[in-house]
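Residue numbers (our numbering): 1 to 567. Worksheet for the structure shown next.
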Ligand code: C2O
Ligand code: CU
Ligand code: CU
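This is how it looks when you write it as structure tokens:
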């Protein structure tokens with residue numbers, strides 16, 4: 001080999017993984033199912049750029065990203081989230097309808113080394129949801145590391161349909177993101193809104209083999225800021241069957257669809273007329289967007305630029321393979337029987353305006369007010385049906401996400417017909433382009449809690465971290481009657497304990513809001529919102545020593561602390 005050839009090969013090698021010539025097999029996240037989930041958040045590393053240094057990443061049971069959790073409507077799921085990072089973080093169950101204290105927003109901080117055990121009854125419709133960190137001012141950094149995962153909800157309505165449901169075979173999870181690397185192959189998290197290199201399920205230059213039949217793609221935009229104008233390289237028609245919060249009433253045919261940060265769609269693609277051995281690309285048709293579409297900016301570097309901006313680029317290379325046994329051969333004409341809220345159902349209207357922050361301060365906020373952890377922006381009555389209008393007079397497009405509920409978009413710029421068919425289902429994130437105002441209607445039912453708020457925010461994590469977020473509590477008048485002046489009076493037994501502690505209460509019907517166990521240094525090692533105490537608490541994972549168990553009374557929010565020894 002001549003020196004020159006060697007040099008050319010070396011250069012080609014350097015860009016291996018970054019050029020279109022070489023593809024890497026799309027990583028399909030592992031799965032967990034049942035009602036009990038063990039999720040360990042950790043720092044790790046992955047070879048995302050080759051050759052050279054590995055990249056420091058974060059994962060949940062994995063090197064980047066986390067397992068897909070399959071949960072069933074009607075079941076109560078228990079999450080055992082262990083934070084093995086050196087930092088505090090939170091895990092938020094994006095799109096789930098659950099009590100605020102289980103939500104995993106900025107208030108449910110999990111200190112390093114702590115096990116957090118939220119649980120809830122699954123009432124969401126079948127669909128594609130996700131979980132991700134949500135610590136205030138740290139969301140971008142933790143998300144950039146790759147901490148997050150899919151949640152797939154099953155229910156009877158969806159299960160009755162003849163849809164692809166073989167995970168990783170004809171039902172493919174696809175998480176879209178991109179990253180910028182520094183000279184040492186580490187993620188850049190400062191002064192950058194966009195990545196330079198696409199990662200599909202954490203895979204650079206991803207390719208997948210899909211069978212020659214109808215396939216279902218569940219697509220999540222987990223970017224920092226970039227929107228995707230998705231389509232196939234041959235401009236074929238595909239069908240949207242689901243929005244953020246579940247199935248549409250009927251499939252919607254499109255050739256392009258915009259997917260903004262935080263949004264999910266499920267699509268059906270017909271590969272049955274494709275030739276085995278042929279290929280096509282799922283692409284972002286992001287060139288030529290009007291200014292304000294995130295990722296449409298012309299610059300190729302700097303804070304608001306990227307190598308992928310204002311470009312059409314590959315998201316996933318698809319090789320068509322032989323059909324599977326018992327393939328899905330058609331698209332159902334009807335999918336669900338949703339009855340949506342209309343503007344007329346709303347008894348309360350609220351407006352939120354996207355504003356420019358102060359010079360030198362945050363770039364964007366809501367109503368000229370940046371997020372403050374101890375300021376409740378809105379109080380919503382339990383069971384209230386409300387219309388929220390978000391107005392963007394800003395120079396740039398944003399997204400709006402709200403916790404607790406799934407909503408129906410009822411108008412864009414006051415025009416009910418301005419709502420796209422592609423976004424006509426249940427949603428929890430919506431795109432608010434510059435100069436537009438968008439309204440949704442939602443019902444705030446089931447979960448009242450005057451103490452723990454839910455969030456609403458722009459889902460661009462840089463904007464959210466910067467204060468483009470607000471919070472609301474859902475309150476029930478009934479709850480106020482219950483206020484008593486007493487805290488909880490209890491004893492821990494056996495003491496010393498071996499691997500399980502039990503509680504005996506002096507109160508008749510103890511209503512425990514929160515349980516925390518702290519070690520001698522005052523460090524929290526176990527956190528359980530609304531703990532179920534009848535069967536005792538497993539403590540065998542803790543080292544022997546002296547501990548303090550702190551219970552918070554639901555009515556008074558007073559805390560009582562008892563000491564116990566673990567042998
Ligand atoms: Cu996806 Cu407040 O979050
Ligand atoms: Cu959320
Ligand atoms: Cu924003």
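Cβ coordinates follow ideal geometry from the N, Cα and C atoms, glycine included. On a predicted model such as this, the values are computed, not experimentally measured, just so you know.
- Buried/exposed call for residue 193, threshold 16 Cβ in 10 Å: buried
- Tell me whether residue 468 counts as near ligand 3, meaning its Cβ is closer than 6 Å to at least one heavy atom of that ligand. yes
- Query: Is residue 88 helix, strand or coil by DSSP?
  - Reply: coil
- Reduced DSSP secondary structure (H/G/I, E/B, other) of residue 102: helix
- What do you get for residue 444, buried or exposed, if any count of 16 or more other CB atoms within 10 angstroms of its CB means buried? Under this definition residue 444 is a buried residue.
- Just how far apart, CA to CA, sit residue 337 and residue 425? 11 Å
- Query: Quick one: what's residue 430 bridged to in DSSP?
  - Reply: 400
- Query: Since residue 646 contacts residue 173 with CB under 8 Å, what's their CB separation in whole angstroms?
  - Reply: No answer is possible for residue 646: it lies beyond the span of the chain, which begins at 1 and ends at 567.
- Mind checking which residues open and close the beta strand (DSSP E) that includes residue 253? Per DSSP, residue 253 belongs to the beta strand (DSSP E) from 246-254.
- What does the shell around ligand 2 hold, if a residue joins when its beta-carbon is under 6 Å from any heavy atom? 92, 94, 401, 403
- Message: Taking DSSP's pairing of strands, which residues face residue 27 in a bridge?
- Response: DSSP lists no partner for residue 27.
- Message: Which runs of the beta strand (DSSP E) at least 3 residues long sit entirely within the segment 203-278? Give them in chain order.
- Response: 206-211, 214-221, 228-232, 238-243, 246-254, 257-259, 264-270
- Message: Along the chain, where does the beta strand (DSSP E) containing residue 317 start, and where does it finish?
- Response: Per DSSP, residue 317 belongs to the beta strand (DSSP E) from 312-321.
- How many angstroms separate the CA atom of residue 210 from the CA atom of residue 393? 43 Å
- Item | Distance between residue 387 and residue 346 (C-alpha atoms, nearest Å) | 6 Å
- Cβ-heavy atom distance between residue 262 and ligand 1 below 6 Å? Yes - ligand 1 has a heavy atom lying nearer than 6 Å to the Cβ of residue 262.
- Looking at the structure shown, is residue 142 part of a helix, part of a strand, or coil, going by DSSP? helix
- Query: Which stretch, first to last residue, makes up the beta strand (DSSP E) that contains residue 386?
  - Reply: 384-392 is the span of the beta strand (DSSP E), which, as asked, contains residue 386.
- Put residue 14 into one of helix, strand or coil per three-state DSSP. Only weak support exists for where residue 14 lies, its pLDDT of 42 falling under 50; the coordinates are left without a value.
- Is residue 455 near ligand 1, judged by its Cβ being under 6 Å from some heavy atom? yes
- Relative to ligand 3, is the shortest distance from any of its heavy atoms to the C-beta of residue 187 smaller than 6 Å? Flag unset: Cβ of residue 187 not near ligand 3.
- Using 10 angstroms around the beta-carbon of residue 218, count the other beta-carbons present and answer buried if the total reaches 16, otherwise exposed. In summary, residue 218 is buried, with 16 or more beta-carbon neighbours lying within 10 Å of its beta-carbon over all protein chains present.
- Task: Report whether the distance from the Cβ of residue 150 to the nearest heavy atom of ligand 5 is below 6 Å.
- Result: This structure lacks ligand 5; the ligands present are ligand 1, ligand 2 and ligand 3.
- Message: Helix, strand or coil, according to DSSP, for residue 513 in the structure here?
- Response: strand
- Query: From 227, 234, 255, 226, pick the residue whose C-alpha is nearest to that of residue 240; which is it?
  - Reply: Per the Cα distances, 255.
- Task: Pick out whichever of 437, 320, 309, 402 has its Cα sitting closest to the Cα of residue 277.
- Result: 320
- Task: Please classify residue 100: is it buried, with 16 or more other beta-carbons within 10 angstroms of its beta-carbon, or exposed?
- Result: buried
- Message: For residue 550, report the span of its alpha helix (DSSP H) as first-last.
- Response: Run containing residue 550: none in the alpha helix (DSSP H); it sits in the beta strand (DSSP E), 545-553.
- Item | Nearest candidate by alpha-carbon position, reference residue 275, set 323, 292, 242, 143 | 323
- Item | Distance, residue 523 Cα to residue 10 Cα | Caution applies to residue 10, whose pLDDT of 41 falls short of 50 and renders its modelled position unreliable; the model cannot decide the point.
- Could you work out which residue in 530, 544, 515, 116 is closest to residue 559 when comparing CA atoms only? 515
- Message: Measuring alpha carbon to alpha carbon, tell me which residue in 385, 86, 55, 47 is nearest residue 40.
- Response: 86
- Message: Whole angstroms are fine: how far does the CA of residue 115 sit from the CA of residue 525?
- Response: 6 Å
- Message: Helix, strand or coil, according to DSSP, for residue 171 in the structure here?
- Response: strand
- Query: Starting from residue 462 and walking both ways along the alpha helix (DSSP H), at which residues does that stretch end?
  - Reply: Where residue 462 is concerned, the enclosing alpha helix (DSSP H) stretches over 461-465.
- Span of the beta strand (DSSP E) holding residue 491? 490-493
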